[in-house]
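Encoded as structure tokens, the structure appears first; notes follow it.
Residue numbers (this note's numbering), protein chains in the order written: chain A, 960 to 1073; chain B, 404 to 515.
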């Protein structure tokens, strides 16, 4: 059963803590993406990776970090430097680099700062 | 930089109506345009992808059209059903196709 999994579904963070959101795909896709979604707004790109061991900043990368050590995994760390991290985080992947193919999305992680 | 807008922001219709959702983009040099559906608290599901060389795509009761020259796409939903209630987003690639920009979405409610 192919797809994208994200964990956890809900995450609570105290101020000053770093937290890591997991994203795994078994679709054999090259490209992976992290988006942030706030109420009433479209998705905003945090980071993307077109190939293993390489990733690029998106529009709102400050306060976030990623790694791409394996093709199927693209974890996102929300650091204490991110001043307003409460949001819904979505991971996606696509088969080809270059944005010519459909993006497939995971179910999302809702992060709340206490 | 590419910008994407969607009108209306919210729409409420009785069951059975045909309806049109609108998506506009500022840079017409796009590879494709995608329409997605998002249920509350869930991820996005791809509905239709229109390549830049195409003018429309159909899937069941859904029909999406693309007019690159005017920077517009429409999503037509025929014979709407309560199960169609969701937020519909459009997205286009940018930065030489390496990433995507999304519209804010149209929140659709179909009343039984």
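Yeah, the Cβ is synthetic: ideal placement off N, Cα and C, and Gly gets one too.
CA-CA distance, residue 476 of chain B to residue 507 of chain B, rounds to 14 Å. For the region 1027-1055 of chain A, residues whose beta-carbon sits nearer than 7 Å to a beta-carbon of chain B comprise 1049. Assigned with DSSP and collapsed to three states, residue 496 of chain B falls in strand. Bounds of the beta strand (DSSP E) holding residue 510 of chain B are 509-514.
Residue pairing by DSSP places residue 1073 of chain A opposite no residue, since no beta bridge is assigned to it. Per DSSP, residue 1011 of chain A lies in no beta strand (DSSP E) segment and is marked neither H nor E. Taking a beta-carbon distance threshold of 7 Å, residue 1064 of chain A counts as an interface residue toward chain B. A distance below 7 Å between beta-carbons, with the five flanking residues on each side excluded, links residue 462 of chain B to the following residues of its chain, in chain order: 450, 451. Relative to the Cα of residue 969 of chain A, the nearest Cα in the group A:1051, A:1001, A:979 belongs to A:979. If only complete runs of 3 or more residues are kept, the region 449-478 of chain B shows the beta strand (DSSP E) at 459-462, 465-470, in order along the chain.
In terms of CA proximity to residue 990 of chain A, A:1051 leads the group A:1070, A:1051, A:1038. 996, 999, 1000, 1001, 1002, 1003, 1004, 1007: these are the residues of the region 996-1007 of chain A whose beta carbon lies less than 9 Å from some beta carbon of chain B, given in chain order.
Short of 8 Å from the beta carbon of residue 474 of chain B, and not among the five residues preceding or following it, lie these beta carbons of its own chain, in chain order: 427, 428, 429, 430, 431. Sequence-distant Cβ neighbours of residue 973 of chain A in its own chain, meaning closer than 8 Å and more than five residues away, are 1072, 1073.
Beta-bridge pairing by DSSP links residue 502 of chain B to B:497. Pairing residue 465 of chain B with residue 480 of chain B gives a Cβ-Cβ distance under 7 Å.
Excluding the 5 residues flanking it on each side, residue 468 of chain B has same chain C-beta neighbours closer than 7 Å at 458, 459, 476, 477, in chain order. Nearest CB-CB separation between residue 1061 of chain A and chain B: below the 7 Å threshold. Looking at the DSSP output, residue 991 of chain A bridges to A:1008, A:1052.
Check the Cα spacing between residue 453 of chain B and each of B:435, B:446, B:442, B:441: the tightest is with B:435. Listed as beta-bridge partners of residue 970 of chain A by DSSP are A:1070.
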